[in-house]
Amino acid sequence: GEAESLLGLGFVASLRGDLAEAERLQRESLAIKREIGDRTGGAHALVKLGGIAYERGDLAGAGRLTRESLAINRDIGDRTGEANSLFSLGRIEERRGDLAEAERLYRGSLAIQREIGDRGGEAYSLIGLGSITIRGDLAEAERLQRESLVILREIGDRRGEADSLINLGIIASDNGNMDESHRCYTEAVRIQGEIGIPIQQWFIDNGY
63 GEAESLLGLG FVASLRGDLA EAERLQRESL AIKREIGDRT GGAHALVKLG GIAYERGDLA
123 GAGRLTRESL AINRDIGDRT GEANSLFSLG RIEERRGDLA EAERLYRGSL AIQREIGDRG
183 GEAYSLIGLG SITIRGDLAE AERLQRESLV ILREIGDRRG EADSLINLGI IASDNGNMDE
243 SHRCYTEAVR IQGEIGIPIQ QWFIDNGY
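Under our numbering, the first residue of the sequence shown carries the number 63, and numbering increases by one thereafter.
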């Protein structure tokens, strides 16, 4: 229980942008998980630590931590954890610019999430695939983002809904539909404000 509380506090710290505090709490949680032999919890903490490294731009560290998590999840048969690790690795490869590998990882994550009925995870994998496709087929990118948006609204994930709307705004802008882009951005910023997520500076600078 102590480890789970630390994990939750670490997540809150990361949302606030305090990555040093988030890392301290996640490492404390990981140490307890390892001490009590909770491999599932340990794998979860490793993914969170990988996410912190990702936010810092330490892609090598993020990859190492996430691959360690993936190995544990596969060893213990945790399909949800495996899908989460694959998704996180997809984000890392996308940032590295290896879009083919990122797509492979996102699709692997999506297949597991659909198999086990993880609707939230499915939505985020669709967002990931859509973000890659934005760089090529805009029609397919929009289809993936709208599919994700439907799921996120069904399950009440407002943070994810805002992310999906931002991506739809980017697609609309790339298509030259500035009215639709503005509508999507406005709705996304409104949601972020309501749930207390810091607004990106670009949106503030542009009057959203």
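Virtual Cβ for every residue (Gly too), placed ideally from N, Cα, C.
Between glutamate 184 and isoleucine 213 a beta carbon distance of about 6 angstroms is seen, short of the 8 angstroms cut, so the two are scored as contacting. Residues of the same chain with a CB within less than 6 angstroms of the CB of glutamate 242, apart from the 5 flanking positions on each side, are Ala234 in chain order. Taking the CA atoms as reference points, asparagine 237 sits about 8 angstroms from leucine 200. With contacts defined as CB atoms closer than 8 angstroms, glutamate 223 and isoleucine 194 fail to qualify as a contacting pair.
Glutamine 254 sits in a helix when the DSSP states are folded into three classes. For threonine 102, the closest C-alpha among the options Ala162, Asp137, Ile232 and Pro260 is that of Asp137. Under the three-state reduction of DSSP, asparagine 237 is assigned to coil, being neither helix nor strand. If you check the CB distance, glutamate 209 and leucine 188 come in under 8 angstroms.
CA-to-CA, the gap between phenylalanine 265 and valine 251 works out to about 8 angstroms.
For alanine 84 against serine 76, the beta-carbon gap comes to about 4 angstroms, under 8 angstroms, which counts as contact.
CA-CA distance, glycine 104 to alanine 124, rounds to 15 angstroms. Going by DSSP, glutamine 262 is part of no alpha helix (DSSP H) at all; its letter is neither H nor E.
By the Cβ-count criterion, asparagine 268 is exposed, with fewer than 16 other Cβ atoms from all chains shown falling within 10 Å of its own Cβ. Judged by DSSP in its simplified three-state form, glycine 79 adopts coil rather than helix or strand. Leucine 71 sits away from alanine 107, with the two beta carbons spaced by 8 angstroms or more. Assigned with DSSP and collapsed to three states, asparagine 135 falls in helix. In the displayed model, aspartate 100 falls within coil according to three-state DSSP, outside both helix and strand. In the structure shown, glycine 198 falls within a coil segment according to DSSP collapsed to helix, strand and coil. Inclusion of glycine 190 and glycine 152 in the CB contact set at 8 angstroms is warranted, their separation being smaller than that value.
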